[in-house]
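*Asks:* Everything in the sequence shown is counted per our numbering, starting at 234 for the first residue and increasing by one. For every residue, glycine included, the Cβ atom is placed at its ideal position computed from N, Cα and C. Please read through the structure below; I'll follow up with questions.
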Amino acid sequence: MNTERELLKGKPKDESFRDRMATIDERGKRNWIYAQKPKGKFYNIRTYVSWGFFIIFFGLPFIYINGRPLFLFNIPEAKFIIFGKVFWPQDFFIFGLTMITFIVFIILFTAAFGRLFCGWICPQTIFMEMLFRKVEYLIEGDAGSQKLLKKTPWTGKKIFKKTAKHTAFFLLSFIIANFFLSYIIGVKQLGKIIDDPLAAHFGGFTAIILFSGVFYGVYAFFREQACTVVCPYGRLQGVLLDRNSMIVAYDHRRGEPRGKFQKNAVAIETGDCIDCFQCVKVCPTGIDIRNGTQMECVGCTACIDACDKIMKAVHRPAGLIRYASENGIANGKKLRYTGRMKFYSVLLILLSGLLGILLLSRKDVDGTVIRAAGMLYQERGADSISNLYNIKVINKTLKKIPLTLKLENAPGRIIEAEGRSIAVPEEGQGKGSFFIVLPNTMIKERKIKLYVGLYEGDKRITILSTNFMGPIYRPQTK
Ligand code: SF4
Ligand code: SF4
234 MNTERELLKG KPKDESFRDR MATIDERGKR NWIYAQKPKG KFYNIRTYVS WGFFIIFFGL
294 PFIYINGRPL FLFNIPEAKF IIFGKVFWPQ DFFIFGLTMI TFIVFIILFT AAFGRLFCGW
354 ICPQTIFMEM LFRKVEYLIE GDAGSQKLLK KTPWTGKKIF KKTAKHTAFF LLSFIIANFF
414 LSYIIGVKQL GKIIDDPLAA HFGGFTAIIL FSGVFYGVYA FFREQACTVV CPYGRLQGVL
474 LDRNSMIVAY DHRRGEPRGK FQKNAVAIET GDCIDCFQCV KVCPTGIDIR NGTQMECVGC
534 TACIDACDKI MKAVHRPAGL IRYASENGIA NGKKLRYTGR MKFYSVLLIL LSGLLGILLL
594 SRKDVDGTVI RAAGMLYQER GADSISNLYN IKVINKTLKK IPLTLKLENA PGRIIEAEGR
654 SIAVPEEGQG KGSFFIVLPN TMIKERKIKL YVGLYEGDKR ITILSTNFMG PIYRPQTK
């Protein structure tokens, strides 16, 4: 972004920095980013936030409510537990609505607060900047030492440092992979994979190694590319942000024209930016925030800390780079709650309300009764017709339920084809087949809607609907 002063001076608008990413050179090769370690208020707060994140990430799998994990995302078995409640594929509409609510939340949140999520809460940023990068600083030193180490020949010291770093990275990735898997299969199942012989859980063991490899690859090599090239949320910023969104922004009105700091000189011709490049040196995605809003900016605030430190050193007010909106900086306007944000808020409240109603009214036992495919009706003696049905029942509770079936809205009977009742295991599925037999006289239409009650003893658990097909009854006239 060019400054107003430059535009007033008639300088052409130079947007060439947008032609390629900061991490890719002219030949299309990767520019490795050696980000300098940030120091300052925001970095300290982010460190505390990351501790909270680590406690939650590594602690949640151990929390069980009524024998169930608090959260489980078992994609292979299509079983999900959220806040201790089990969700099955049959709850897909709740899932769909949850996803829509989540997307609206993301849109609203981003429109108002920009990439606050990316900089402060996103696991990719927290693991990269607050864990792996810190281990790297510890072993290889700050950015300058890392560059030097890269250039030096393979001495014993270099081999030791590189081996130590990559061993630490793989071990951390291995730990993260184990916890990641525990969100999918549960910490108890993970314990079995660890305790039992390898052959007993070959699939689980392979998953751990695979996840470890992916995490190691991402944090050791891929790094900021995950945010700038892969992450769909990052790539959507262009459409989600507007000029009133809160972003990490450089105050070009105050900073330009930039010029080198000269002690004892009165800065009349230049703005507050002393062109020291400290904001660029700390940036983990290698961009220059003074160019304006860029897709690569993950809102990590490192440049705010770096610039505030420089401003303090040259006795100028802090906040040359700060949280602000583009309008706020260009027109001196404060952050506003815009019409778009209000619309999203109303939508979000409505969707959340609907989601709450669906969650509260969700049945613990649910299922489907479907007529057996390819089967016609059967004549039973001279006065009855039967249809064959398949039933599938999902039990979302923690106890086994023996179910019996009753016809609720017709004087027919149910004959189980497979035993007298359907036993549905806890947190499992039960199925069976049965006939519904109706007297001929009941069949006044080709298709009749029937309701089948599912009972545990005398207690009705739920009602399922189905259809009955048969020839329309026509009384014989003499
Ligand atoms: S420009 Fe600033 S806030 Fe954005 S990624 Fe770089 S250092 Fe972080
Ligand atoms: S750190 Fe501040 S003063 Fe230094 S180049 Fe960046 S914006 Fe300018």
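Less than 8 Å between the CB of V463 and some heavy atom of ligand 1, yes or no?
*Replies:* no
*Asks:* In or out: S415 buried (at least 16 other Cβ within 10 Å) or exposed?
*Replies:* buried
*Asks:* Within 10 angstroms of the Cβ of Y449, are there 16 or more other Cβ atoms? Answer buried if so, exposed if not.
*Replies:* buried
*Asks:* State whether the segment 401-409 contacts the segment 274-284, with contact taken as three or more CB pairs (one from each stretch) at a distance under 8 Å.
*Replies:* no
*Asks:* Thinking C-alpha only, which one of E502, N524, G504 is nearest C512?
*Replies:* N524
*Asks:* Any heavy atom of ligand 1 closer than 8 Å to the beta-carbon of G377?
*Replies:* No.
*Asks:* Reducing DSSP to helix, strand and coil, say where M234 ends up.
*Replies:* Confidence is the limiting factor: at M234 the pLDDT is only 41, short of 50, which leaves the residue's position unreliable, though a coordinate-based value still follows. M234: coil per DSSP, three-state reduction.
*Asks:* Taking only runs of the beta strand (DSSP E) that begin and end inside the segment 270-332, which ones reach a length of at least 3 residues, in chain order?
*Replies:* The DSSP assignment places 304-307, 312-315, 318-320 as complete runs of the beta strand (DSSP E) inside the segment 270-332, in order along the chain (cut-off: 3 residues).
*Asks:* Between the segment 686-706 and the segment 598-610, do three or more beta carbon pairs fall short of 8 Å?
*Replies:* yes
*Asks:* Taking the continuous beta strand (DSSP E) assigned at L687, which residues delimit it?
*Replies:* 680-689
*Asks:* Which residues bound the beta strand (DSSP E) around S585?
*Replies:* Here S585 belongs to no beta strand (DSSP E); instead the alpha helix (DSSP H) covers 572-593.
*Asks:* At a cut-off of 8 Å, is Q495 close to ligand 2 when judged by its beta-carbon and the heavy atoms of the ligand?
*Replies:* Answer for Q495: no, Cβ out of range of ligand 2.
*Asks:* Apply the 10 Å Cβ neighbour rule to L240 and answer buried if 16 or more other Cβ atoms are within range, or exposed otherwise.
*Replies:* Confidence in L240 is poor, its pLDDT being 41 and thus under 50, which makes the residue's placement unreliable; the coordinate value appears in the next sentence. L240 comes out exposed.
*Asks:* Check whether the Cβ atoms of Y483 and I554 sit closer than 9 Å, and answer yes or no.
*Replies:* yes
*Asks:* Tell me which same chain residues have a C-beta within less than 8 Å of the C-beta of L592, skipping the five on either side of it?
*Replies:* K318, I327
*Asks:* I'd like the list of long-range same chain contacts for S619, defined as Cβ closer than 6 Å, with 5 residues on each side in sequence excluded.
*Replies:* Q611, R613, F668, V670
*Asks:* Kindly indicate which three-state DSSP category M702 falls into: helix, strand or coil?
*Replies:* Strand.
*Asks:* Please classify I427: is it buried, with 16 or more other beta-carbons within 10 angstroms of its beta-carbon, or exposed?
*Replies:* exposed
*Asks:* Could you check if E529 belongs to the surroundings of ligand 1, using beta carbon to heavy atom distance under 8 Å?
*Replies:* yes
*Asks:* Starting from P635, trace the beta strand (DSSP E) both ways and give me its first and last residue.
*Replies:* 634-640
*Asks:* Could you give the DSSP three-state label for T601: helix, strand or coil?
*Replies:* Strand.
*Asks:* Tell me, to the nearest whole angstrom, how far the beta carbon of L683 is from that of L640; I am working on the premise that it is less than 8 Å.
*Replies:* 7 Å
*Asks:* Indicate, with yes or no, if ligand 3 has a heavy atom lying under 8 Å from the CB of F338.
*Replies:* Inclusion of ligand 3 in the displayed structure is not the case, the ligand content consisting of ligand 1 and ligand 2 alone.
*Asks:* Nearer than 8 Å: is that true of the beta carbon of V368 relative to any heavy atom of ligand 1?
*Replies:* no
*Asks:* So what does DSSP say about E559, is it helix, strand or coil?
*Replies:* Three-state result, E559: helix.
*Asks:* Taking only the alpha-carbon atoms, compute the straight-line gap between M702 and K680 and give it to the nearest angstrom.
*Replies:* 5 Å
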